[in-house]
Every structure is written in C-alpha cells, then in structure tokens.
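Participant:
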C-alpha cells in the first residue's frame, strides 16, 4: 500500500468519526425537549442512518482519490493494493437498504405506537409491520429479479484474417500503424452491423443496489431539486426577515399575552382529546385532531422562541442579542456561499448533462485543475460539492414535509430544538 493510499485511509477514518460526531451534535441540538433522555433506540438509528447517508455521498470523492492512489506507481500491481471500493460500495448500499426497509420502519412504528401500551406490545406491533413490509419487499424483489434481473452490454464483433509476424519494424510509422498495406485496423473499419448486445444475469446484491439507486435517484430529484433552491434562499430570507432591533417591554407583554391565549386554547383542545381517549373514542378523527394539535404546539413553541429572540432577558441580555445578530450574519454569508454552489450545480447539469454533446466539462475541469494545484485539493472540493447536495436533499425533505399514512413529518427549523424523531428518521 502506497503512502498516498495510507494517507487516504487515515483521512477516511477521520472523516467517518467527524461525520458521526456531527450527527450526534445535530441530534442533541435539534431534538424536541420531550424526547430528551428517552427513546435511545431511535436516537441510535437516527445517528446511524444520517452517518450512512453522509458516508455514501462522501464515498464518491473517496473513490476518485482511491483511483489516483496508483496512477503514478512505478511497479506492477499497485492498483491491487488500493482500497476495495467495489466491496465498500456494496457494503454501504446493503446497510442502507437494511436501514431503509427494516430498521428505520421498525423505529418509526415503535416510536409512533400507542404510548399506553407496554413496551413489549409496541415492539410486537412494530415487528408485525416490519415483517409484513419485509415479506412484500422480498416478493417484489424476487419477482423482479427473476423477470428483469439482467443487464445488457453493447459490444462490437470484430473479425480479421491472420497474418504472419513481421520480420522488421521499419515499415511502421505514425502514419502507418497496421500490418500490411491498410492504414486502419479492424476496430476502425467494422460496419455498424458488427454491434451486438450481450445479456447477462447480474448478481442479486448488485441488482438490489441498482434498484435502490433508481428509487433513490427519483427521491433525490424531488427533494434535491427543492433543497438546492430552498437551502440558500432560506438562509438569506432568514437574514432579511431577522428582527432589526429589540422590541419594547410593552410590545413584549402584548405578544406574550397573545401567545398565552393560544397556549390556553391548545390546553383545552388537549384536555378534550385526553377525555375522548379515556372514553375509548380513539378513531381516525381523533388521531387527525391529535396531529393537528401537535402541529399547532410546534408552531407555538417556535413563536415563543422568536419572541425570546426579539426581547432577550437576564444579566447577559446584551450578549445574547449580539450573538443573535452574529448568527443572522453567519446565515447570510452561508446563504450567499450556498447560492453560488447551487448555481454552479444547476449550470453544470444544464451544460454538461442535458445538452448533447456537452458544451463544457465545467466542474469536472475545475476539479482536475484544483488537483494539479495540490494533490487532494480537487478531491476535497468534490467532497464539499457532494456534501452540499446531501444538505440540499435534507433541506428539501424537511421543507416539503410529508403526510404519510401512519406518520407526520414536521419541518426542521434552524436553531430550534423542536424536531421530533419521526422527522429525523424520515431524513
């Protein structure tokens, strides 16, 4: 293993640890106060799922750097000593599939289960749903693999007559590279009819990876398309709509009174729902009303947070306000940087992928030139652009939110510790 590849292994290990620590920080900083010091299994699933998602994106620049590890080697077989990226890709995608189809659904059903039931009954109910889902997925995958689990290769059939080995090399030149009188080899003179299609059955793990990639690309297009716009614009508009100055005490009392009225109304609604629950009327309408009250409660918590932001109190009120102003300035700077990256990604997609032939390599050429400046600079830049796409997908998912059959996804708010575990698990 070369020195470059050893450095890559160290960098990869450090990045994995940093990703894990960042996800732990994200969970602690954004989790809802009601989820603190409980639901440890969903917390582990959230950290593991977010880490696998981030690592699967960062595998792209790692693969690029791994290919360069043996590019300038002076001994044969150097590329056999690099990281086994194919095995690592399969491992990442298989772990991803297990999380998506089994572990995360189990955590969702367990977390959203009836809180009045015992832990054993909630586990049993979640297992029933997961096993049922697993059987359906296994049947679908097995049927699809049996019917269309094949891959087509377009090849060109070449044939030529045999000729004797040349007795001298004087007849070869840059303008005459072939044996005999012809100036072109069979590969260049083959007719269009020489193209044939070979069909081979792929392995089941590779088929599962390919199918998961197709499904993931559809979801990536939806959430990534929304997130690549809303991520930078959300930060910029957050700066534009920031509180310009500290409100007066009378304004604070007025706003606090209004929020107090909303809180009392929500308490009455919650008490009514508790009364219905005791009477056994826990139908579809009751669950819908519970979700509505939870949504209004999250909005109330956000309004309280904003009011506290506009009127800081305590001995360190001035320091708190200064940190608030700096926070909004940081959002503006990050929003401008994100907008530049988003425009670069969209421009690259248009001029390199959508137009045929491509007008310019654009970002590809930029990364290559950065590699010429310093060995890992292009790889680091590529990793940054890939990680930005992951953040865009997360932002798009939390911005859209989804109302599924069994669960509700609440949008994630920057700096607001009010994100439920269902939202984290959905990411």
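Numbering (our numbering), first residue to last: 14 to 440. Each residue gets a CB set at the ideal place from its N, CA and C atoms; glycine is no exception.
Pick helix, strand or coil for residue 288, following the three-state DSSP scheme.
Facilitator: Three-state result, residue 288: helix.
Participant: As a quick exercise: from 171, 66, 165 and 408, pick the residue whose alpha carbon is nearest that of residue 214.
Facilitator: Closest option to residue 214, Cα to Cα, is 165.
Participant: My output table needs one value for residue 209: the three-state DSSP class, helix, strand or coil.
Facilitator: The answer is strand: DSSP assigns residue 209 an E or B state.
Participant: Starting from residue 166 and walking both ways along the alpha helix (DSSP H), at which residues does that stretch end?
Facilitator: Careful: residue 166 lies outside any alpha helix (DSSP H), inside the beta strand (DSSP E) at 163–169.
Participant: Could you compute how far the alpha carbon of residue 219 sits from the alpha carbon of residue 108?
Facilitator: Residue 219 and residue 108: Cα-Cα distance of roughly 13 Å.
Participant: Of all the options 64, 268, 44 and 59, which has the alpha carbon lying nearest to the alpha carbon of residue 400?
Facilitator: Answer by Cα proximity: 64.
Participant: With residue 74 as the anchor, note down where its alpha helix (DSSP H) starts and where it stops.
Facilitator: Looking at the DSSP string, the run of the alpha helix (DSSP H) that includes residue 74 is 53–81.
Participant: Using a Cβ cut-off of 9 Å (strictly closer), state whether residue 157 contacts chain D.
Facilitator: The displayed structure is made up of one protein chain only, and chain D is not part of it.
Participant: If you reduce the DSSP assignment to three classes, tell me which class residue 312 lands in.
Facilitator: If DSSP states are grouped into helix, strand and coil, residue 312 belongs with the helices.
Participant: Could you give the C-beta distance for residue 409 and residue 240, rounded to a whole number, given that I count them as a contact under 8 Å?
Facilitator: Yes, they are in contact, since the Cβ atoms of residue 409 and residue 240 sit about 3 Å apart, within 8 Å.
Participant: Assuming residue 313 and residue 276 form a contact by the criterion Cβ under 8 Å, report the distance between their Cβ atoms to the nearest whole angstrom.
Facilitator: Confirmed, about 6 Å.
Participant: Please report the Cβ distance between residue 413 and residue 250, rounded to the nearest whole angstrom; I am assuming they are in contact, meaning their Cβ atoms lie under 8 Å.
Facilitator: The Cβ separation is near 17 Å, so there is no contact.
Participant: Using a Cβ-Cβ cutoff of less than 7 Å, which residues in the same chain neighbour residue 416 once the five nearest sequence positions on both sides are dropped?
Facilitator: Low confidence applies here, because residue 416 scores a pLDDT of 44, under 50, leaving its location unreliable and the question unanswered by this model.
Participant: Per DSSP, residue 214 forms a beta bridge with which residues?
Facilitator: 163.
Participant: When burial is assigned at 16 or more other CB atoms within 10 Å of the CB, is residue 217 buried or exposed?
Facilitator: Classification for residue 217: exposed.
Participant: Taking the beta carbon of residue 355 as the centre, do at least 16 other beta carbons fall within 10 Å, making it buried, or is it exposed?
Facilitator: Per the 10 Å Cβ criterion, buried.
Participant: Report yes or no: do the stretch 258–266 and the stretch 364–377 share at least 3 C-beta pairs separated by less than 8 Å?
Facilitator: Segments in contact, no.
Participant: For the stretch 335–354 against the stretch 220–229, are there 3 or more C-beta pairs whose distance is under 8 Å?
Facilitator: With the cut-off at 8 Å, the stretch 335–354 and the stretch 220–229 do not touch.
Participant: Verify whether the separation of the beta carbon atoms of residue 71 and residue 222 is less than 9 Å.
Facilitator: Cβ distance not < 9 Å, so residue 71 and residue 222 don't count as in contact.
Participant: In three-state DSSP terms, what is residue 415?
Facilitator: Because residue 415 sits at a pLDDT of 49, beneath the cut-off of 50, its placement in the model cannot be relied upon, and the point is left open.
Participant: Note down, in chain order, each residue of its chain lying with its Cβ closer than 6 Å to the Cβ of residue 170, except the 5 sequence neighbours on either side.
Facilitator: Excluding residues within five positions, the ones whose Cβ falls inside 6 Å are 207 and 209.
Participant: Quick check for students: name the residue ranges of the alpha helix (DSSP H) that lie wholly in the stretch 331–410, counting only runs of 4 or more.
Facilitator: You should have 376–386.
Participant: Between 158, 73, 19 and 43, which has its C-alpha nearest residue 403's C-alpha?
Facilitator: Per the Cα distances, 73.
Participant: Taking C-alpha atoms, which residue in 140, 133 and 304 lies nearest to residue 509?
Facilitator: The structure shown does not extend to residue 509, since the chain is modelled only from 14 to 440, so the question has no answer here.
Participant: Could you check what DSSP says for residue 324 in three-state terms: helix, strand or coil?
Facilitator: Coil, per DSSP.
Participant: Take residue 30 as the anchor and find which of 61, 138 and 278 has the nearest alpha-carbon.
Facilitator: With distances taken between Cα atoms, residue 30 lies closest to 61.
Participant: At what residues does the alpha helix (DSSP H) containing residue 102 begin and finish?
Facilitator: Where residue 102 is concerned, the enclosing alpha helix (DSSP H) stretches over 98–111.
Participant: When DSSP labels each residue in this structure, what does residue 233 get in the three-state scheme?
Facilitator: Three-state DSSP puts residue 233 in a helix.
Participant: Put residue 21 into one of helix, strand or coil per three-state DSSP.
Facilitator: In the structure shown, residue 21 sits in a helix (DSSP, three-state: H, G or I).
Participant: Return the chain-ordered list of same chain residues with a C-beta closer than 6 Å to the C-beta of residue 341, the five sequence neighbours on each side being excluded.
Facilitator: The answer, listed in chain order, is 252 and 255.
Participant: Ordered along the chain, which non-local residues of its own chain (more than five positions away) have a Cβ less than 7 Å from that of residue 357?
Facilitator: Counting only Cβ-Cβ distances below 7 Å, and skipping sequence neighbours, we find 376.
Participant: DSSP on residue 253, reduced to helix/strand/coil?
Facilitator: Reduced to three states, the DSSP call for residue 253 is helix.
Participant: Can you tell which of 305, 182 and 34 has its C-alpha closest to the C-alpha of residue 282?
Facilitator: The shortest C-alpha separation from residue 282 is found at 305.
Participant: Using a Cβ-Cβ cutoff of less than 8 Å, which residues in the same chain neighbour residue 112 once the five nearest sequence positions on both sides are dropped?
Facilitator: Within the same chain, residue 112 has close Cβ partners 58, 61, 62 and 65.
Participant: Please report the straight-line C-alpha distance between residue 372 and residue 19, rounded to a whole angstrom.
Facilitator: About 38 Å.
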